[in-house]
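Take 45 as the starting number for the sequence shown in the numbering used here and just add one per residue.
Each remark here refers to the structure printed beneath this line.
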Amino acid sequence: MSNAMLTRVRDRAPAGGSRRLLPIDLRPLLGGWVNYNERSTGIDRVYVDDWEGTPTVRVFGASRPAPIDWGEVAGAAFADGVGGHQAVGFTATYDVEFARVLLAGYLNKRLLVVDAYSMFTDASGRANYFQRDHFYLP
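Given below as structure tokens:
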């Protein structure tokens, strides 16, 4: 593999060829994740499901008296290396009327960490911002 096809050493295909023997196993990510911080102003809950090998993500934004359903979108799953088969993270993008929110979630021991990058697409003058929330499976 030429250096033009690598950005890091870990981008090299595993010994024995460049084919991936197994799809990424989404099971470690699946379920209804609940925010540890009941007072979060970010995300209240995250549901990750498996749709024919593609993760689907449904988010509920923190709001009182009831969380705001962002809907369900297809995401992308990530293993911990090019030869990996267990999902350790995902990304998903929400395009709403006034903003685009990029979610990057990853497992850290037995919890799910979700980083949300919010970019406003309206003329409101609001600054783009980042928020991190931590979730557990009840």
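Here a beta-carbon is modelled for each residue, glycine too, at the ideal position from N, C-alpha and C.
For L73, the secondary structure class from DSSP, reduced to helix, strand or coil, is helix. For A121, the closest alpha carbon among the candidates P109, N81, A148 is that of A148.
Under the DSSP definition of a beta bridge, W95 partners with T98. Counting along the chain, V158 sits inside the beta strand (DSSP E) bounded by residues 155-164. Assignment of beta strand (DSSP E) within the segment 106-160, counting only whole runs of 3 or more residues, yields 112-122, 133-139, 143-152 in chain order. Taking the C-beta atoms as reference points, R176 is found no nearer than 8 Å to V126.
With contacts defined by Cβ atoms closer than 8 Å, A123 and V132 form a contacting pair.
Only residues of its own chain outside the window of five on either side were considered, and among them Y91 have a CB closer than 6 Å to the CB of G76, listed in chain order.
Taking F164 as reference, the option from F174, G105, L73, K153 with the minimal CA-CA separation is F174. Counting along the chain, the unbroken beta strand (DSSP E) around R176 starts and ends at 173-180. Going by beta carbons, F142 and S168 fall inside the 8 Å limit. Ranked by how close their Cα comes to the Cα of H178, the residues N172, T85, W95, G115 have T85 in first place. Residue state for R89 is assigned as strand, using DSSP reduced to three classes.
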